[in-house]
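Peer 1:
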Amino acid sequence: MSELLVDFITSLDGCASGEGWPGFWGLEGPEYLAWLGEQPSATYLMGANTYRLMSGFATGEIPVGEDGFRPEEEASLDELARASKVVFSSSLKEPLTWANCTLVRDDAVEAVRAMKASGSGLLSTLGSVSLSRSLLRAGLVDRFRVVMFPVITGATGEERIYDGYPDVALEMTEHRTFDGRIQLVEYRPLVLDHPPLGAPA
Numbered sequence: 291m292s293e294l295l296v297d298f299i300t301s302l303d304g305c306a307s308g309e310g311w312p313g314f315w316g317l318e319g320p321e322y323l324a325w326l327g328e329q330p331s332a333t334y335l336m337g338a339n340t341y342r343l344m345s346g347f348a349t350g351e352i353p354v355g356e357d358g359f360r361p362e363e364e365a366s367l368d369e370l371a372r373a374s375k376v377v378f379s380s381s382l383k384e385p386l387t388w389a390n391c392t393l394v395r396d397d398a399v400e401a402v403r404a405m406k407a408s409g410s411g412l413l414s415t416l417g418s419v420s421l422s423r424s425l426l427r428a429g430l431v432d433r434f435r436v437v438m439f440p441v442i443t444g445a446t447g448e449e450r451i452y453d454g455y456p457d458v459a460l461e462m463t464e465h466r467t468f469d470g471r472i473q474l475v476e477y478r479p480l481v482l483d484h485p486p487l488g489a490p491a
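Following the numbering used here, the numbering of the sequence shown begins with 291 at its first residue and continues without gaps.
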């Protein structure tokens with residue numbers, strides 16, 4: 291059976307990106323980049339918005355406000371291009387232009403449930419805030435990992451990750467610090483039917 295990892299890179303206040311901020315908020319360091327390079331291969335799951343963004347980068351579109359990609363960003367894009375990717379969308383049309391992508395039009399939750407049951411490798415979300423929320427609500431997520439960068443994007447933050455989430459109990463399974471400033475925490479999630487003191491009136 292495959293294992294499903296929801297994996298986010300966030301600001302301290304839980305935003306997946308910020309207007310005017312570079313990738314990794316410009317704060318990645320050698321320890322973090324080395325750890326990224328050591329991660330096991332996975333099949334990446336994403337929705338249409340993430341696909342459009344990332345496939346654009348892969349074909350040379352430059353993020354707004356930047357002159358080009360830094361070497362570490364180019365390396366990350368190259369690695370993603372080689373990986374297997376599944377895109378859940380009813381609006382995208384085949385053929386998808388990004389290499390090694392499969393388009394799935396069926397319900398994402400049921401499709402991932404079937405992928406978990408029939409597979410043996412690691413499944414990992416890539417961005418895709420809405421997709422990740424749906425998979426968590428359905429109880430399909432085995433590992434929930436957040437890498438927090440030391441910045442608060444109160445004025446410019448976008449894609450607030452936890453809006454619309456259910457209450458979730460988290461059992462920590464791993465934590466570490468990279469480059470003296472970047473914090474990784476990984477949990478085993480359990481979606482709660484109600485908070486410990488009972489359901490709200």
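Cβ atoms here follow ideal geometry from the backbone N, Cα and C, with glycine treated the same way.
#1: What's the gap between the Cα of residue 347 and the Cα of residue 486?
#2: Count the other CB atoms, across all protein chains shown, that sit within 10 Å of the CB of residue 306; report buried if there are 16 or more and exposed otherwise.
#3: To which residues does DSSP link residue 333 through a beta bridge?
#4: Just mark residue 455 as buried or exposed, buried being the case when its beta carbon has 16 or more other beta carbons within 10 Å.
#5: CB-CB under 6 Å to residue 379, same chain, minus the five flanking residues each way: which ones, in chain order?
#6: If you draw a straight line from the alpha carbon of residue 384 to that of residue 490, how long is it in whole angstroms?
#7: Determine the direct distance from the alpha carbon of residue 488 to that of residue 323, and round the result to whole angstroms.
#8: Is it true that the segment 436-443 meets the segment 398-407, where meeting means three or more beta-carbon pairs spaced less than 8 Å apart?
#9: Please specify which runs of the beta strand (DSSP E), each continuous and at least 3 residues long, are wholly inside the segment 431-471, giving them in chain order.
#10: Is residue 395 helix, strand or coil by DSSP?
#11: May I ask you to report which of helix, strand or coil DSSP gives residue 406?
#12: What did DSSP end up calling residue 368 once you bin it into helix, strand or coil?
#13: Given 8 Å as the limit, is there contact between the segment 324-344 and the segment 412-429, that is, 3 or more CB pairs closer than that?
Peer 2: Looking at the coordinates:
#1: 44 Å
#2: buried
#3: 413
#4: Burial call: exposed.
#5: These residues qualify, in order along the chain: 338.
#6: 46 Å
#7: 43 Å
#8: When Cβ pairs closer than 8 Å are counted between the two stretches, the segment 436-443 is seen not to touch the segment 398-407, the count staying below three.
#9: 433-439, 447-450 and 458-468
#10: In the structure shown, residue 395 sits in coil (DSSP, three-state: anything other than H, G, I, E or B).
#11: helix
#12: helix
#13: yes
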